[in-house]
Structure formats: C-alpha cells, structure tokens
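Asks: In full-length UniProt numbering, the protein residues as written are 1 to 1260. So that we are looking at the same thing, I have put the structure below in structure tokens.
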C-alpha cells in the first residue's frame, strides 16, 4: 500500500481550482467594478417627513401657512392639499357676475384645487353655472349674502352640493319676494335632500314666509342648528305671528335633534313663544340666543324675591296657597333648559336681577354668557356669576348699573378660572382695582375688551396685564384716555406696581408675545416712545392707532421693523403722519392688506406713487386728505369696472385641536401685476361741520348754553343750529338798567338782529314810550320777567302784553311801585290778551290788591300755574286776609285747569290751608308751601291738603316750621307718585317721621337740610336700606346727627347722584370724601362748604393714614379729579386745603363754578395751576384768601377766557396791578366784587369802566 504525501481534501481543492482556471480561460476578460458609493442623506426643513411637516404647520396661522406654501413645491402640497388646512380657507366672491362666461368664474372652471368653504356676497347669478357640478361635491360650507338669485338657481346649487354641512342665506329678500309656489303642498316636496346639512342660517330676511321655510327645511332632515336672527321686521303683524307659530311647530317636530336656536333681534319671539318652547319636553338645547324685551310682572318678581326656592310644576305653574300662578315663559324656559352651554341675551331689556339669579342657579354648565346692553341688570343680578365654574366667555358691556364692588364680589371672585374672553366695554364704574383682580384670577384670558372704560385701564393696570395675561391674543383699549407710554413700556412709571422685596420690576407690552389684535384708538397720550420700546410683537396682525396724535415718523419707522406680521393698520387722524411713514410701512410690511389714513393732513400725492411701487395688493382708505389730489383710480366717467378676480379670505374654524380663531377678509382682488386702490368714488366731504342737522342738534343737547355759544362761533352751520327753539328757550336775555328806546343801545342793536328771543328779563329798566322791539320780537317771546321796573305802568304793561300773543309765563318781581301807580278798573271791561299764558308769578311784592289779582288772572284765562311767593309781609292783617280769600276764590274758579301753586315764604295761617284743602275736584301736581305761624296740634291744615291732593309729583315744604312726623308719614303714605320732596328747615322732624320716606319709590330729589334732629338710624331706614337708581339730587347740609358711617351706604346705594350737598356737616372727613370720588362718578354739583375736617389727603388721595379700599396687600385711593363731569364745587371754609390740591387734583374740563372762600392756605402756585387746568371756569370766589396777590388775579384773567363773575373780597395783597390785568385780559367779565381790598386805588372804578361787559362798577 502506498502512502500519499498530501490529503484528499487538498486534492479536491486543487482540482476545483484548476476547473475554475479552465473556465476563466475560456471567458473574455472583464474590467473590475468600482465600489458603489453610499446614498447621500439630505437634511433641512424642506426634507422633513410629511407627517412632521404637517404637525409643524398646525402650530402656525393660516397666513403663515400660505406664505410657507410659496417656499417650495413640497411645502405648497402640505399647505394647500391637506384637508384640515384647506377647510380653513374661505373663497369669497364679492360684486361679481356668477356666470361661466366671465371671470373670475371662467378662470375657476379649470382649477385643480377644491373649495370646501365658499362665501358669495353681493353677486348676480346668471343661469346655472358648471362651477357647482365640478366642485360642489367638496363644498361643506356655503354662504349667500345679499345676492340677486332666483329660486331655480338656488335649488340647482343645493342639488350639486350633496355633502353640505352649513348653509347661510342672509339678506336675500329679493329671492323670497320672487319665490312663488304653484301649489302649497309643493313646498314640502323635493327630489333630493342634504343628509349632512345640520346648520342653517336665515338671518336678516324679512320676507321669508312659511312656504319658503318649509322648502328649505325639507332639504335638511337632520338639522341641529337653526339661526333666525333679525327677521320678520318689515312685514305685517299678522304675517309675523303666523310665521312665528309655524317656527314653533317646526321646533316641536324636531325637538330631539335641535341643539342650537338663535333669535337675536327677532322681536317677534316673545314670552309666549318661550312658554311654548318650555312645554316641549324633548327639547334640550346647548346654544340659545335671543333679544328678550318683555317685562316680567312685578308680582312674579316679588314672589321670586320672597320664595327663591319655589319649584315650577309640569303645568308651568307655581303652587302658592290655593291658587296656582302661571310662570312667565322666559323663566319656565330657563328652568327646563338646564343643559345650556352658550347663552346670548344681547340687548335684552327684560333681563332683571331675578332672572339673572335663575340663570346662575339653573344653568351650571354655561360656558358663554353675553349680557351686552342688558341695562336693567344691577349688582344683585351678577353676584352669583362667580359660581359658574365652566364659564369661558363673559360679556357685561354697557351694563352701566353694575358697580365696581359687585364686579369684584360677584364676577371676579378669588378663585382662578378658565375664562378666555371678557368684554367690559363702557362700564364707567369699573375701577383699576377690579381690573387688577381680573389679571390675577384669569391668567388664561385670550380676549380682553375695555373699550370706553377709562377708569379701569391705567398705567398700573396695564403693567399687571403685561405680566399676568401672557396668553392674550386680542386687546381692545378704545378711548382709554388714562393710558400713557409709561403703562405700555414700563418706563418712568410714577408708582411701580410690581415690587418684590427691594427689587422693582416693570414690563413692556411686547411681553404679550401671542398678541394678534391691538386697539388703541383715542389713546392720545401714547407717543413714539411706546412704538419704539414696546411693539416687538412677532404675531401682531391688526393695529389701531387712530387719533393717537403724538405718533410720528420716528415711531412708525421702528414699528415697521419690529412688527413684520402686520396686515391691518389704522393711523387715521394722526396729524404727524407723512409720506415717509407710508414709505416705511409699505416697504417693510410685506403682508400689509389694509391701510387707513383718513384725515392725515401731511399726506401728499407722493404717497400714491409709493404705494403703487411697494404694494401688490392693498385695501386703502384715504378720506379727507387735505394735500392729496385724486387721480381717479377706480372712479370717474371714463373708468370702466375691472374684472374681479377670486377673492380669498382666510378664516379659521373653531377646531378643538387648534383653538386659535382667525378671520381675515380680503375685500379686494389681488394679482401680482395689478394695483388696486378704493377711493370710494368722488370726494365726499366729511366731518362735524357736514353732519345732518338732526344729528347736530342731538349732539348739542349734551352741551350747556355757554358751550353751545362757543360752538356757534365755529362755522355758519353750527351758528344756524343755535337758532333751534329748544336752545333759545334755555337762554335768558337780561336787560339791566337800560332804557327801552329804539334810538339808543342796546335796543337799537337788537332791532337789527336776525335772531329771536324767547326768554327776556327786565331789571330796573326805563320805559320811554312806544318801542318797535315788541312788534319785531313779540311773537317769539314765551317768558318775560319785570323786576323792580319803577317806570312800568299799567298801560305800558298792557301795551307790551298785547304784542306778545304766545306768552306762556309772566313774572312780576319787586313790583310795589308798579302796583301803587295802578288804579284798578271794573272786571267787565278786562280783555283776555294772553290766551296762551300758562304761569303767573308775583314775587317779593306787598302792594298789590284784590283788584290787581283779578285783573292779572283775567288776562290769562288758561293759567295752570300760580305763584305768589315772598309776598304779604308788610301789610296789615285785614288786608292780608282779604287777599288770601281772593286767592282761594281764584283757585276755586280755575280748579279744573290749575296744576301748580307756589306760596313759599308768603304769610298765611292754618285757616287758609284748611280752606285750601276743601277745594273739590282740583288735582295739583306741584305744591310749594312755607308756614311760619303756630299750627294746631290736632288735625293741621297741611294734613288735609296732603290727603286730598294724592297726585302731587313735586312737593316743596321748605321752612315749614310746624311740619311734624305725622305729616311726613301722611306724605309718604298718600303721595306715592312723589318725585321731589324738599323739607329744608323743618326742624320738628325726627327719625320716626323720616323713616317713612322708605315708601317713596320714585323719589328723585330729596332735601333734608337743617333738620337737625335726624340721625343715622332714621336716614338709613329712609334712603340707604333700599336701592334707588332714580335719585339724582340729595341735600343734607347742617345735619349734626349724621356720622361718616352713613356716607359709604349712600355711595353704594345712590350711584346715579348728580347733586350732593353736605355743607356744614361733621360727617365729611378725608375718608368719607374718598368714598364720594370712588362711587359717585356722575356728580355734577358737589357742595362741601364748612366741612373743616377735609384736607389735601382726602381730596387728592395722597398721604392718607388709611386707604379707602384695602384688600390683601393692595391699597387704593381716589382723587377729586376722577369726577370728570363736575360743574360746581363749593369748598368755602375748608381751611386745610392748600396749593397741593389745586396743583395735583384740579383738572376739570367742565367745572364752571368754584368757591374757595376762607381757604386761607391757597396762594399763587395753586391758583396758576388751577387756571390752566380748569379752562371752563365762569364763577370764582376767593374771598378772605389773604395769600392771593396780583399775579393770581393776572393768571385768572389770562387763562380763564369764560370768566363772568369774580369775588375778591377782603384780600390785603391786591393792588392796582390786578385792576389793570382785569381790564387787559378779562374781556367777558360781568360781575366783580373787590370790597375790603385796601390797597386798590380810588380810581379803580374809572379804570374798570373800560370792561364793556361789566354790569356792576365796584366801589372802593
């Protein structure tokens, strides 16, 4: 056997190797391959996976997504073709012809996109368009507003949108007017339905009838949301009732599927309809809105107050005793609909406090509550809103009866809530303290509206908003005039609200990084400093800066660089805006769509060229440009209308995944190569000088006579408005110590006047024969007063009265010389020359006789008001008795027409009052009496008068010294219609009688001055313990029994006071006067004479030992300057008041009368500051202020152009320089008192004669 030197495995490997070599020898040789490189990996946002890209784009707004879509093809696909994104774009067609043969519809027929949401406004339809068969399957929302469309065209459209979910047909009265049915039953027949249609809106359609309603509802068998707001206004009442009954039947048929009903502004939906709805057992709504204006009976309100837990039975009744009471429909509806989530009661005048208590009790699931313009809601009604834990939207705008205290206790509370929208417009009582609490408790707030609530939006509250409300997206501060740069920027704040230990912090506006809409219209204190330091807002889209007068080029330049996302800017009425501002805005803001620059006088033609160069599309408003000549873009005879392209408006729906709600209407078509400007046709002059006369007169009614006279000097049209009868009646032309002669002034000047005079007073006038004055102006005179006219005789009076055919009021005052020279005649020869005479008044006269009275009454057969005041004092008793008997006889003779008598401060006895009460069938509405003699204890005459005259509205018993508590109780019991009650000087009254005033519900004016036996207990029970919104005037002077504790009760109860008098009362101190400034914002007259406890701390709110409002660590004080409407201020004898108050707190634009007599610490700095800050002052009293010098008088004369009366009595520092200053500057001064000024030279009267208007020449 042979042994091989190698193994078998090696032989196999070698043979295999040889075999490979043989094969390779036979194949051709191939070059070796290069190694394949690894695939390149691309990074960046443009290569993100589509899922991540869509997730990123969900976080941005619609406009940002559309801008991203222009970046690349892939981003365009993500921005446009993703269905949730495309459904948030509304394609809006405005003012186009909807036909296949004209653009833009002609261009849309070849589009490759889908259009889920379409809005058509003010369009005309011509036939059936192919647009709907092509794109209708994708349409889910369709709005047709104010369009000319036929019923066949509408049905064709609806037939081609099978997946429609929401349909809005608004303001289409022409459609329903021309839509007729051959047979009534055809309205309920249709060959197609829209099964997905659940939301139908038919708002603002007056001519919608039952057949139209049936036809549209037949197409929507699954309807869940129905909106019929502002409908059925212009049709007959019986048609309106029939339509409402038909709607109620429809709701009954679909009760199990309806979730939303909206009837805002549809006044035909009344309490009866709500009763019907409450009877439908299967109706369970989530959203309801209506305007409820019916009045709930007073008995029902009283029942709810007494038994708030009373339950309603199945028959909608209350079981009270044996007889059930039918519940009002609105209350029954609220009790049944406990699942309501959204409730809108805007402009509902029938919503009271009791209804509000039901809402907060029965509707715990509420998320939206809108009570705008529900003016009957008061503090009691909103106290339980804080219990609505799920509330997200709250609107309390224009509910002006709500106080600041109730807002804090009832709405804000102390718990943090999830409120997202809060509207507090036009709430004058809302203070900055309440707004601070809003910021602390509502940190998730997204919308805050404080329009026309200037007391709430201050620099301090703005700092709290900037710090806490970081989620805010919309902020409306319209006309918040207290807001300055300090509040927006945090720079130079007087008081820094955020202090932690020793570290002070301030916060600018741009801390609100999510802010998208900001309204600062009318905030005139804002300047360029705010725009430069506080407007770095990356997401801000809408900005209103109209009437911000200090905004200029410097601020606009920074704004255009820092707020790049701006799309809407309003800088109207900003006088410093020029062409450079327009250049910066249009060149830097690429997304700018709307620019408003109305009434900007510095703009010229160059701005049009700038806009045309920088903007591809823009909506612009340029009304009243003074330096701009119109080029005729879009108007004129030679300008044809342009072809309207497709109009887009991006609008976001409320999607749970994306809670941001955005609306953007592009009213103008846009194209890269076209520039459009809307100039609104030919130039139309605007402004107050071109207002309709009716509106101008209504505006002037809010001004006093002095302001109207100043306004009349503005232009001829305003001057003509002053000739309105109502305004002339308020002006009294006073002739004093002149001669009524046609050849001498002032009568010679008046005869050339083109105006008429309705009210004339003649004081110490000389009558020199016949005058044409009465022939020229006699027909227009309605009231005339003769005061101490010595030369007046009976023949002259008769001659004058015969030329006054329409005289309504005749007053003879201090006419003793006139009656002494008058010899009476027989009554049968008296002619009734004044048939229109309604009032006859004799004042301060003692010489008239019985015959005089009969004559004066005989010339006016229609007299309804008789006044004999301050008379019969210096005559003997028999003559007085005879005259009083004649007065009673005249009252019996004219009892059917007599409505008002005034015998105040006239001497008479209790027998006269007894006989007065015995006059039968006489119903008086106004009585004024004063009684000085001793009255019987048992059954005085005044009691009999009060029992007989139960219709009295105005009662004046001033100085009725024998008026007792029992008489006051009789007043409160018998005179339930009483509005005015004056008891000044009735010193016998005590708390026992005053408590009965509680029964007078309609009381508006109350005077309890000098009733020194009244204390806190009686006054509290009479007035304070009951809310009195109608009371406007309160006089409480010289009442030592009142303490400062009653002042707070007055302020919380009588919020609408306009006049308040506390002269000489010990209850007024620094703390109590702070309550006045806090709560009584409507005060026009404030009298605090002799309140010696008041100092600078109380009037200014600074350096108070204890703050008025102190909650936790927040202290709030108030200044007298917060009384914006103040017109009269009396501070005589308040000797603790110094220049500090005048310098820091006297800023009154409407103050007309000021009394600072005996304020001994007032000097030159305070007087000068007051004269600058109170420009409307007409009467000033600085008597006994011994620091007042010549410079003070000069400052008053220079700065106060309306100064009419000036009292400078007993001022030792006044010299001849003051006289010269008055002569030089006080051109309108009428009365001057300088008695006791020892340094005034003796020739001062001669110098003062140079003041043409001065009526009294003071003697030195």
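All C-beta atoms in this analysis are idealised placements derived from N, C-alpha and C, irrespective of residue type, glycine included.
(1) I'd like the span of the beta strand (DSSP E) that includes residue 1129, first residue to last.
(2) Buried or exposed: where does residue 469 fall if 16 or more other Cβ atoms within 10 Å of its Cβ makes it buried?
(3) Three-state secondary structure (DSSP) at residue 336?
(4) DSSP on residue 70, reduced to helix/strand/coil?
(5) Exposed or buried, residue 584, counting other C-beta atoms within 10 Å across all chains shown (16 or more means buried)?
(6) Here's the rule I'm using: 16 or more other beta-carbon atoms within 10 Å means buried, otherwise exposed. How should residue 172 be labelled?
(7) So, under 8 Å CB-CB, residue 902 and residue 869 are touching, yes? Tell me the CB distance rounded to an integer number of Å.
(8) Can you look up residue 442 in the DSSP assignment and give me helix, strand or coil?
(9) With a threshold of 6 Å on Cβ separation, who are the neighbours of residue 270 within its own chain once the five nearest residues in sequence on each side are excluded?
(10) Just the Cα atoms here: how many angstroms apart are residue 1076 and residue 1012?
(11) Since residue 847 contacts residue 820 with CB under 8 Å, what's their CB separation in whole angstroms?
(12) Just the C-alpha distance for residue 77 and residue 396, rounded to the nearest angstrom, thanks.
(13) Check whether the Cβ atoms of residue 338 and residue 370 sit closer than 8 Å, and answer yes or no.
(14) What are the start and end residues of the beta strand (DSSP E) that includes residue 476?
(15) How big is the Cα-Cα spacing for residue 250 and residue 478?
(16) Whose C-beta lies closer than 6 Å to the C-beta of residue 1015 among residues of the same chain, with five residues either side of it excluded?
(17) Buried or exposed: which applies to residue 52, given that a residue is buried once 16 or more other Cβ atoms fall within 10 Å of its Cβ?
(18) In whole angstroms, give me the CA-to-CA distance for residue 161 and residue 63.
(19) Where does the unbroken alpha helix (DSSP H) through residue 984 begin, and where does it stop?
(20) In angstroms, rounded to a whole number, what distance separates the CA positions of residue 461 and residue 433?
(21) If you follow the beta strand (DSSP E) that residue 89 is part of, which residue opens it and which one closes it?
(22) DSSP on residue 1224, reduced to helix/strand/coil?
(23) Under DSSP, the beta strand (DSSP E) around residue 1268 begins and ends at which residues?
(24) Under 8 Å between C-beta atoms, does residue 851 make it to chain C?
(25) Helix, strand or coil: how does DSSP classify residue 1089 here?
(26) Report all residues from its chain with a CB closer than 6 Å to the CB of residue 144; omit the five preceding and five following residues, and keep chain order.
(27) Would you identify the three-state DSSP class for residue 119, choosing helix, strand or coil?
(28) Please name the residue or residues paired with residue 809 in a DSSP beta bridge.
(29) When the Cα of residue 1129 is compared with those of 1120, 1135, 1136, which residue comes out closest?
(30) Is it true that the CB of residue 1143 sits closer than 8 Å to the CB of residue 1107?
(31) Could you please give me the residues that DSSP links to residue 143 through a beta bridge?
(32) DSSP on residue 1184, reduced to helix/strand/coil?
(33) Ignore the nearest five residues each way along the sequence and tell me which others in residue 917's own chain have a CB closer than 7 Å to its CB.
(34) Would residue 115 be called buried (16 or more neighbouring beta carbons within 10 Å of its own) or exposed?
(35) Beta strand (DSSP E) containing residue 1061: first to last residue?
(36) Do you know how far the Cα of residue 359 is from the Cα of residue 230?
Replies: Taking the coordinates as given:
(1) Taking the first residue of the chain shown as position 1, residue 1129 is located at position 1129. Note, residue 1129: beta strand (DSSP E), 1128-1130.
(2) Indexing the chain shown from 1 puts residue 469 at position 469. With 16 or more other Cβ atoms within 10 Å, it is buried.
(3) The residue labelled residue 336 in the question sits at position 336 within the chain shown. Correct three-state label for residue 336: helix.
(4) By one-based count along the chain shown, residue 70 stands at place 70. Three-state result, residue 70: coil.
(5) One-based indexing of the chain shown puts residue 584 at position 584. Residue 584 is buried by the Cβ-count criterion.
(6) Here residue 172 refers to the residue found at position 172 when the chain shown is read from its first residue. Counting Cβ neighbours within 10 Å, residue 172 comes out buried, since at least 16 surround it.
(7) For this step, residue 902 is matched to residue 902 along the chain shown. For this step, residue 869 is matched to residue 869 along the chain shown. With a Cβ gap of about 5 Å, residue 902 and residue 869 count as contacting.
(8) The residue you call residue 442 lines up with position 442 of the chain shown. Three-state result, residue 442: coil.
(9) Here residue 270 refers to the residue found at position 270 of the chain shown. Once the five neighbours on either side are set aside, the close Cβ partners of residue 270 are 294.
(10) For the purposes of this step, residue 1076 is taken as residue 1076 along the chain shown, with counting starting at 1. For the purposes of this step, residue 1012 is taken as residue 1012 along the chain shown, with counting starting at 1. Cα to Cα, the separation comes out at about 23 Å.
(11) Residue mapping note: residue 847 aligns to position 847 of the chain shown, counting from 1. Residue mapping note: residue 820 aligns to position 820 of the chain shown, counting from 1. At roughly 5 Å, the Cβ-Cβ gap stays under 8 Å, so residue 847 and residue 820 are in contact.
(12) Mapped onto the chain shown, residue 77 falls at position 77. Mapped onto the chain shown, residue 396 falls at position 396. Roughly 45 Å between the two C-alpha positions.
(13) Counting from one through the chain shown, the residue named residue 338 turns up at place 338. Counting from one through the chain shown, the residue named residue 370 turns up at place 370. In this structure, residue 370 does not lie closer than 8 Å to residue 338 by Cβ.
(14) In the chain shown, the residue the question calls residue 476 occupies position 476. The continuous beta strand (DSSP E) containing residue 476 extends over residues 474-476.
(15) Locating residue 250 in the chain shown gives position 250, counting from the first residue. Locating residue 478 in the chain shown gives position 478, counting from the first residue. About 43 Å.
(16) Translated into positions along the chain shown, residue 1015 becomes position 1015. Cβ-Cβ distances below 6 Å link residue 1015 to 991, 1041 in the same chain, with the five nearest sequence neighbours on each side left out; the list follows chain order.
(17) Here residue 52 refers to the residue found at position 52 of the chain shown. That one is exposed.
(18) Residue mapping note: residue 161 aligns to position 161 of the chain shown, counting from 1. Residue mapping note: residue 63 aligns to position 63 of the chain shown, counting from 1. Computed Cα separation, rounded: 28 Å.
(19) The residue given as residue 984 occupies position 984 in the chain shown. Unbroken run through residue 984: none, as it is neither H nor E.
(20) As a first step, residue 461 must be located in the chain shown, where it is residue number 461. As a first step, residue 433 must be located in the chain shown, where it is residue number 433. Using only the alpha carbons, I get a separation of about 8 Å.
(21) The residue given as residue 89 occupies position 89 in the chain shown. Residues 89-94.
(22) Here residue 1224 is taken as the residue at index 1224 of the chain shown, counted from 1. The answer is helix: DSSP assigns residue 1224 an H, G or I state.
(23) No information on residue 1268 is available, as it lies outside the stretch 1 to 1260 that the chain covers here.
(24) Looking for chain C here will not work: only one protein chain is present.
(25) Residue mapping note: residue 1089 aligns to position 1089 of the chain shown, counting from 1. Residue 1089 falls in the coil class under three-state DSSP.
(26) Residue numbering aside, residue 144 sits at position 144 when the chain shown is read from its first letter. Counting only Cβ-Cβ distances below 6 Å, and skipping sequence neighbours, we find 120, 169.
(27) Numbered from its first residue, the chain shown carries residue 119 at position 119. If DSSP states are grouped into helix, strand and coil, residue 119 belongs with the strands.
(28) Counting from one through the chain shown, the residue named residue 809 turns up at place 809. Beta-bridge pairing links residue 809 to 783, 839.
(29) As a working note, residue 1129 is residue 1129 in the chain shown. Considering only alpha carbons, the answer is 1120.
(30) In the chain shown, counting from the first residue as 1, residue 1107 sits at position 1107. In the chain shown, counting from the first residue as 1, residue 1143 sits at position 1143. In this structure, residue 1143 does not lie closer than 8 Å to residue 1107 by Cβ.
(31) Locating residue 143 in the chain shown gives position 143, where the first residue counts as 1. Residue 143 pairs with 119, 168.
(32) The count along the chain shown starts at 1 and reaches residue 1184 at position 1184. In this structure, residue 1184 counts as coil in the three-state DSSP scheme.
(33) The residue given as residue 917 occupies position 917 in the chain shown. For residue 917, where only same-chain residues beyond five positions count, the Cβ hits under 7 Å are 941, 944, 945, 948.
(34) Taking the chain shown and counting its residues from 1, the one referred to as residue 115 is at position 115. Of the other Cβ atoms in all chains shown, 16 or more fall within 10 Å of the Cβ of residue 115; this residue is therefore buried.
(35) Here residue 1061 corresponds to residue number 1061 of the chain shown, with the count starting at 1. Where residue 1061 is concerned, the enclosing beta strand (DSSP E) stretches over 1059-1061.
(36) The residue labelled residue 230 in the question sits at position 230 within the chain shown. The residue labelled residue 359 in the question sits at position 359 within the chain shown. C-alpha separation (whole angstroms): 24 Å.
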